[in-house]
Amino acid sequence: MGRKMEKLRSLTIENANISNIAFKCIPKTLVELFVAFTAVSDEGISSLAQTDSQLHLLDIRGCPRITGQGLITASDIKSLREIWILRFMEGCDAARLSLRDCNPHLMILDEVDRQKMAVPQHMDFYSIYFTNVFGNPPSEEVEVDMR
Numbered sequence: 000m001g002r003k004m005e006k007l008r009s010l011t012i013e014n015a016n017i018s019n020i021a022f023k024c025i026p027k028t029l030v031e032l033f034v035a036f037t038a039v040s041d042e043g044i045s046s047l048a049q050t051d052s053q054l055h056l057l058d059i060r061g062c063p064r065i066t067g068q069g070l071i072t073a074s075d076i077k078s079l080r081e082i083w084i085l086r087f088m089e090g091c092d093a094a095r096l097s098l099r100d101c102n103p104h105l106m107i108l109d110e111v112d113r114q115k116m117a118v119p120q121h122m123d124f125y126s127i128y129f130t131n132v133f134g135n136p137p138s139e140e141v142e143v144d145m146r
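Take numbering that gives the first Met the number 0: the final residue in the sequence shown is number 146, and no numbers are missing along the way.
Next comes the structure, spelled out in C-alpha cells:
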C-alpha cells in the first residue's frame with residue numbers, strides 16, 4: 000500500500016464505516032482528509048495525531064463519536080490549520096476555547112463559518128442543509144477574520 004499512496008495529497012471517505020486503526024496508516028504526503036459522516040471516534044483522532052502527518056485540513060463533520068476531547072487531541076497535529084466540524088458536537092464549545100490556547104494558527108470551522116467564506120459553486124448538500132436547518136450564527140473568530 001505504501002508505494003502506491005506516496006503521492007496521495009487528498010482523501011475523501013464519507014458515509015462509510017471505517018476503522019479507527021486506518022488512521023495509523025495515513026501517508027505522510029496527505030494534506031487533506033475528509034472523513035465526514037463516518038464512524039471515526041476520538042481513538043482514530045488520537046491515532047492520527049501520533050503519525051508523522053503533514054495534514055493541513057481535517058473534515059470531521061457528522062462524526063458523533065468525536066467529542067471535544069478529540070478536537071483537543073487533533074491540535075497535536077502541528078501541521079493542521081483547519082478542522083471542519085458540526086457546531087453541536089459534544090464538548091465542542093469548551094474545546095474551541097482550549098484550542099485557541101493550544102494552536103493559535105488552527106481554524107475550527109462549522110458549517111455556517113464555511114458558508115460565510117465559501118464561493119457559492121463550492122457549496123455541498125450538507126453545507127446548505129445545515130446552514131438552512133440550524134441557522135447558527137458564525138463563530139466570533141470568523142466574524143473577526145472576515146472584517
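The beta carbon of each residue, even a glycine, is placed where N, CA and C say it ideally should be.
- D51 counts as exposed, since fewer than 16 other C-beta atoms from the protein chains shown sit within 10 angstroms of its C-beta.
- In this structure, DSSP gives F36 a state outside helix and strand, which the three-state scheme calls coil.
- Cβ neighbours of S46 within its own chain (closer than 8 Å, five residues either side excluded): N19, I20, F22 and K23.
- In the three-state reduction of the DSSP assignment, S9 falls in the strand class, which pools E and B.
- For D58, the secondary structure class from DSSP, reduced to helix, strand or coil, is strand.
- When DSSP states are grouped into helix, strand and coil, I20 belongs to the helix group.
- A distance below 6 Å between beta-carbons, with the five flanking residues on each side excluded, links R64 to the following residues of its chain, in chain order: S40.
- Looking at the backbone, the Cα of I17 and that of L10 are separated by about 13 Å.
- In the three-state DSSP reduction, I25 falls in the coil class, being neither helix nor strand.
- Around A35, the same chain offers E13, D58, R60 and G61 as residues with beta carbons nearer than 6 Å, after the five sequence neighbours per side are excluded.
- Assignment of I82 by DSSP, reduced to helix, strand and coil, places it in the strand class.
- Beyond the five residues adjoining it in sequence on each side, D75 comes within less than 7 Å, by CB distance, of A48 in the same chain, given in chain order.
- Counting the other CB atoms within 10 Å of its CB gives A15 a total below 16, which places it among the exposed residues.
- In its chain, beyond the 5 residues on either side, V30, E31, S78, L79, R80 and E81 have a beta carbon closer than 8 Å to the beta carbon of H55.
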